[in-house]
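Chemist: Quick note, the numbering used here runs 4 ahead of the 1-based positions in the sequence shown.
For glycine and all other residues, C-beta sits at the position ideal for the given N, C-alpha and C.
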Amino acid sequence: MHVDDVEDFPGGAGAYGLLIRIPRLTRISVTRRPPSGLPPGSYLYAGSANGPGGIRARVRRHLKKAKPVHWHIDRLTNVFGIDAAVAFPGGRECGLVEALRAWKGTAFPVPGFGSSDCRSCPAHLVRLPNGLRARDLAKPSILADLAAAAAAGGAIVWLPPSHANARRR
5 MHVDDVEDFP
15 GGAGAYGLLI
25 RIPRLTRISV
35 TRRPPSGLPP
45 GSYLYAGSAN
55 GPGGIRARVR
65 RHLKKAKPVH
75 WHIDRLTNVF
85 GIDAAVAFPG
95 GRECGLVEAL
105 RAWKGTAFPV
115 PGFGSSDCRS
125 CPAHLVRLPN
135 GLRARDLAKP
145 SILADLAAAA
155 AAGGAIVWLP
165 PSHANARRR
């Protein structure tokens, strides 16, 4: 399912993925670790939203360019924004990471990024295979696989207006 506005995302708990395109080598620090370099490419951040407002409130916050840095991902979204968001109602972020880990060409360039409270994932920021674009994540087969891995009741995609025609291709 696709939505044109993040306000149409579910207000309940679940997992979400943020697609971020990093156009240049970027240095980033994660608490108590030396700075790491993120090579240019597309990345998916897997997060969870279990508090008030659920997935809708969390993704809405991430879409703001100027926000206080509260989570690791804020350091990237404040600079690069978000190319797409996917909601997985009732889903688990670690299931999403495990599914992405199985894709050929994925990498975890910053150990521990976004997964300070996770014991099973190398990170919750995954560098995606070269050439993957926002509209690729909107393909029904990919969404179905990711939703199943996240143990979610489906997947809902938001693409920004700049990608509006991509849904129709």
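Tell whether a beta-carbon distance below 8 Å holds between L2 and G45.
Modeler: The structure shown does not extend to residue 2, since the chain is modelled only from 5 through 173, so no value can be given for it.
Chemist: Using C-beta distances below 7 Å, list every residue in its chain close to A156, excluding the 5 sequence neighbours before and after it, in chain order.
Modeler: Result list for A156: G18, A19, F92, P93, G94, G95, in chain order.
Chemist: What runs of the beta strand (DSSP E), each 3 residues or longer, lie entirely inside the region 56-123?
Modeler: The region 56-123 contains these whole beta strand (DSSP E) runs: 88-93.
Chemist: Going by alpha carbons, who is nearest to G116 out of T81, R139, G16, L129?
Modeler: Measuring from the Cα of G116, the nearest candidate turns out to be L129.
Chemist: Can you tell me where the alpha helix (DSSP H) with R131 in it begins and where it stops?
Modeler: Where R131 is concerned, there is no enclosing alpha helix (DSSP H), although the beta strand (DSSP E) it sits in stretches over 129-131.
Chemist: Taking DSSP's pairing of strands, which residues face S195 in a bridge?
Modeler: A query on residue 195 cannot be resolved here, the shown segment of the chain reaching from 5 to 173 and no further.
Chemist: Name the two residues that bound the continuous alpha helix (DSSP H) containing R139.
Modeler: 138-141 is the extent of the alpha helix (DSSP H) around R139.
Chemist: What does a CB cutoff of less than 7 Å around F84 pick up in its chain, not counting 5 residues either side in sequence?
Modeler: I24, R25, I26, listed in sequence order.
Chemist: Whole angstroms are fine: how far does the CA of K69 sit from the CA of I32?
Modeler: Straight-line Cα distance between these residues: approximately 17 Å.
Chemist: Could you give the C-beta distance for R79 and V73, rounded to a whole number, given that I count them as a contact under 8 Å?
Modeler: Indeed, because the Cβ distance is near 6 Å, the residues count as touching under 8 Å.
Chemist: Hey, A159 and A153 are a contact pair by Cβ (cut 8 Å); roughly how many whole angstroms apart?
Modeler: No, A159 and A153 are not in contact; Cβ-Cβ is about 10 Å, not under 8 Å.
Chemist: Taking L163 and A50 to be in contact with their CB atoms under 8 Å, please state how far apart those CB atoms are, rounded to whole angstroms.
Modeler: Rounded, the Cβ-Cβ distance is 18 Å, inconsistent with contact.
Chemist: How many whole angstroms separate the CB atoms of V101 and C125, which I take to be in contact at a CB cut-off of 8 Å?
Modeler: So it is a contact: roughly 5 Å between Cβ atoms.
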